[in-house]
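Contents: one structure, followed by commentary.
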Amino acid sequence: MPELPEVETVARGLAKRLEGRKLVKVETRRGDLRWPFPKGFAKRLTGRRVDKVRRRAKYIVAELDDGNALLAHLGMSGRMLLSKGRPELETHDHVIFETDEGWVLRFNDARRFGMMDIVATEKLEKHKLIKGIGPEPLGNDFSGPVLAAALKGKKTSIKAAILDQKVVAGVGNIYASEALYRARISPKRLAYTVQGDRAEKLALAIKIVLNEAVAAGGSSLRDYVQADGELGYFQHKWRVYEKEGQDCPDCAGKIRRIVQGGRSTFYCPSCQR
DNA sequence: CTTTCGTCCTGACTGC
DNA sequence: TGCAGTCAGGACGAAA
């Protein structure tokens with residue numbers, strides 16, 4: 042599932058083939074993903090040069106030479122597929138981009154929870170979907186005190202709180218469990234009780250868990266493109282996620298699965314408090 | 001304001 | 001072998 046590390050890896054893979062390249066052909070194969078494409082979507086992108094591809098939260102941002110940016114979210118099942126030359130199209134290939142070097146990028150998204158929009162690059166942070174998103178966890182403005190402040194007064198569980206993109210950007214269901222495990226904090230603990238040293242530990246755990254996953258993504262992809270052209274997915278080394286019933290890697294406990302807010306949480310009840 | 005919950009969608013998997 | 005039912009999950013937007 043695309044969380045920050047997967048999106049980061051996809052963005053890096055895209056950067057390699059798109060930055061400095063002109064989009065010579067853009068085609069949408071249906072009128073909407075999660076929402077309709079903006080008016081004139083393909084036409085507005087065609088002929089544009091891509092200056093930069095980066096990530097913000099779980100969004101991919103491709104800055105163009107006309108002051109606009111393509112904003113894309115992979116949703117649950119969105120995949121970016123790169124190939125040299127025109128491939129056989131597959132089911133759920135919804136958007137096709139072709140560069141002046143002959144690279145073809147397909148956005149394939151079975152569940153269509155993904156989205157694409159065009160936004161003035163300068164106004165990106167004011168975009169409806171970006172506005173209000175919290176700090177980048179791997180950036181300098183995320184720290185124990187910053188996290189503590191965001192959790193202050195929050196009556197939900199700490200698990201639900203760090204899934205909230207307003208608290209911290211880019212953490213999804215998998216890395217929420219992984220970060221809490223690493224910080225030895227119970228996912229059931231009330232968010233407002235995570236202050237001081239606990240918040241410090243959790244902020245650090247979030248950084249470590251995400252950084253490790255980004256590194257794994259980078260190192261496991263040759264040129265960031267797998268044999269099948271798919272960008273951004275890689276072998277994960279989860280400690281607790283989907284490990285229900287298995288031994289805790291660090292104590293005598295067994296990993297348990299609970300449901301919080303309709304989402305699975307995995308944790309060790311004996312070493313997470 | 002905060003928090004919870006339903007919803008979108010399809011593929012993978014389970015059980016009969 | 002087939003088919004119905006369940007589950008997965010990001011994040012909006014409605015409801016409480």
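Start counting the first sequence at 42; every next residue gets the next number (the working numbering). We put the CB at the ideal spot given by N, CA and C, even for glycine.
Judged by their CB atoms, ARG239 and ILE247 are not nearer to each other than the 8 angstroms cut-off.
In this structure, ARG152 sits away from GLY175, with a CB-CB distance that is not shorter than 8 angstroms.
Taking 8 angstroms as the cut-off, the Cβ atoms of TYR222 and GLN287 do not count as close. Within the DSSP secondary-structure output, TYR222 pairs in no beta bridge. With fewer than 16 other Cβ atoms inside 10 Å of its own Cβ, GLU142 counts as exposed.
The beta carbon of GLY126 sits closer than 8 angstroms to the beta carbons of GLY143 and VAL145 from its chain, once the five residues preceding and following it are set aside; these are given in chain order.
Per DSSP, the continuous alpha helix (DSSP H) segment holding ILE199 begins and ends at 199-204. Counting along the chain, no alpha helix (DSSP H) covers GLU68; the unbroken beta strand (DSSP E) around it starts and ends at 64-69. Between the segment 59-67 and the segment 88-106, the count of Cβ pairs shorter than 8 angstroms is three or higher; the stretches touch.
In this structure, LEU112 sits near MET157, with a CB-CB distance shorter than 8 angstroms. By the CB criterion at 8 angstroms, ASN149 and HIS133 fall inside the cutoff. Contact annotation: GLU49 and ARG96 have beta-carbon atoms nearer than 8 angstroms. Between TYR233 and LYS207, the CB-CB gap reaches or exceeds 8 angstroms. Pairing CYS309 with PRO228, the inter-Cα distance amounts to about 10 angstroms. Taking C-alpha positions only, VAL51 is separated from CYS292 by approximately 35 angstroms. In terms of CA proximity to GLN301, ALA217 leads the group GLY155, ALA217 and LYS278. Spatial neighbours of HIS114 in its own chain (CB-CB distance under 7 angstroms, excluding positions within 5 residues in sequence) are listed in chain order as LYS99, TYR100, GLY155 and MET156. Per the coordinates, the alpha-carbon of LYS167 lies some 43 angstroms from the alpha-carbon of PRO290. Minimum Cα-Cα distance from GLU163 among the listed residues LEU105, PHE183, GLY180 and GLU219 corresponds to LEU105. Cβ-Cβ distances below 7 angstroms link GLU219 to VAL250, TRP279, ARG280, VAL281 and TYR282 in the same chain, with the five nearest sequence neighbours on each side left out; the list follows chain order.
Sequence-distant partners of TRP76 (beyond 5 residues in either direction) whose C-beta falls short of 6 angstroms from its own C-beta, in its chain, are MET156.
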